[in-house]
């Protein structure tokens, strides 16, 4: 078996290799927010905060109240950031408080006084403010020193579509199929290998 790392797989490479089957474990890309001003200097993504590429500032607005957003807010709380607002489009938290992890996450965020705005959409990001809309009414959140986009990831599908079109047997595993946990990804990878 020839293993190549740091190599982008192309359609031409797959055609030249004439594989019996392909396992796509290509993950997902970071989802972005369609709000006006998304490229403002105050904007970063959750992964830049979590890996230390960007240092937290406050007050901070976290766009996305799902698992990525809530865990990022919890990480900020642990780093001593106090003024945190989470903005989520859904009418209630997509992180179930009934599950053990969700229960503790909700409990820590509430205890820290983190503001949760559900049913709220980010319309515009400015250098020191975020304009949101809830129930048809606009509101300005200000001052804001940092906006963190934490709305999750989107599966990468380009190779999948090409393989399907060419009739090449393939298996899509992990976040390339749908964003989930590592246990699902490793299980799917093992099942795909057994099928081959």
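Numbering (this note's numbering), first residue to last: 51 to 246. Note that the Cβ used here is the ideal one computed from N, Cα and C, for glycine as well. As the structure is a prediction and not an experimental result, all values here were calculated from the model.
Beta-carbon gap between residue i and residue j smaller than 8 Å
i	j	result
residue 224	residue 239	yes
residue 120	residue 99	no
residue 124	residue 155	yes
residue 90	residue 198	no
residue 76	residue 226	yes
residue 86	residue 215	no
residue 138	residue 163	no
residue 152	residue 146	yes
residue 96	residue 118	yes
residue 192	residue 208	no
residue 218	residue 72	yes
residue 62	residue 205	no
residue 168	residue 148	no
residue 220	residue 126	no
Buried/exposed call for residue i, threshold 16 Cβ in 10 Å
i	result
residue 196	buried
residue 66	exposed
residue 232	exposed
residue 101	exposed
residue 143	buried
residue 53	exposed
residue 122	buried
residue 246	exposed
residue 170	buried
residue 166	buried
Contact belief for residue i with residue j at Cβ below 8 Å, rounded distance in angstroms
i	j	result
residue 106	residue 194	Their Cβ separation, rounded to whole angstroms, is 13 Å, which puts residue 106 and residue 194 out of contact at 8 Å.
residue 241	residue 222	Between residue 222 and residue 241 the Cβ distance is about 12 Å, and since that is not below 8 Å, they are no contact.
residue 181	residue 187	At roughly 11 Å, the Cβ-Cβ gap does not stay under 8 Å, so residue 181 and residue 187 are not in contact.
residue 177	residue 92	6 Å
residue 113	residue 83	5 Å
Distance cut-off 7 Å: residue i Cβ against heavy atoms of the ligand ADP
i	result
residue 150	The ligand ADP is absent from the structure shown, which contains no ligands of any kind.
Requested in this report: With a floor of 3 residues, list each beta strand (DSSP E) that falls wholly inside the stretch 148-217, ordered by position along the chain.
Outcome: 165-167, 171-175, 180-184, 187-191, 196-199 and 203-205
Query raised in the report: Where in the stretch 110-135 do unbroken runs of the beta strand (DSSP E), each at least 3 residues long, occur, reported from the N-terminal end onward?
Result: 110-113
Requested in this report: Give, in chain order, every unbroken run of the beta strand (DSSP E) that is at least 3 residues long and sits entirely within the stretch 67-95.
Outcome: 72-74, 78-80 and 93-95
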